[in-house]
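For the sequence shown, the positions run 67 to 137 when our numbering is used.
Beneath this line is the structure, given in structure tokens, with notes to follow.
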Amino acid sequence: RGILAMARRGDQANPERKSSGSQFYICLAPAPFLDGQYTVFGGVVEGMDVVDKIKVGDHIKKITLSSTLPS
Numbered sequence: 067r068g069i070l071a072m073a074r075r076g077d078q079a080n081p082e083r084k085s086s087g088s089q090f091y092i093c094l095a096p097a098p099f100l101d102g103q104y105t106v107f108g109g110v111v112e113g114m115d116v117v118d119k120i121k122v123g124d125h126i127k128k129i130t131l132s133s134t135l136p137s
């Protein structure tokens, strides 16, 4: 829950799985079936309550991405 990953075209149109582009998604539930199939590049650290309020058709007006490196 809360992982941030890259979308890609389906296997029939993209058998080599080399189509990741600029679309991404946030998983709202555990999704182990995606393991080894999609590129995960982040996760929601705080504000999951806001993610839960996003509805189909909503438009993102502002988004901030940051990274925290382990010390």
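A virtual CB, placed ideally from N, CA and C, is assigned to each residue, including glycine.
Nothing here was measured: the structure is a model prediction, and the numbers come from that model.
Taking a contact to require three or more Cβ pairs closer than 8 Å, the region 67 to 76 and the region 89 to 100 qualify as touching. Excluding five sequence positions before and after GLY108, the CB atoms of its chain that fall closer than 6 Å to its own CB belong to LEU70, given in chain order.
Per DSSP, the continuous beta strand (DSSP E) segment holding VAL106 begins and ends at 106 to 109.
Residue pairing by DSSP puts PHE90 in a beta bridge opposite MET72. For ASP118, the enclosing alpha helix (DSSP H) stretches over residues 114 to 118.
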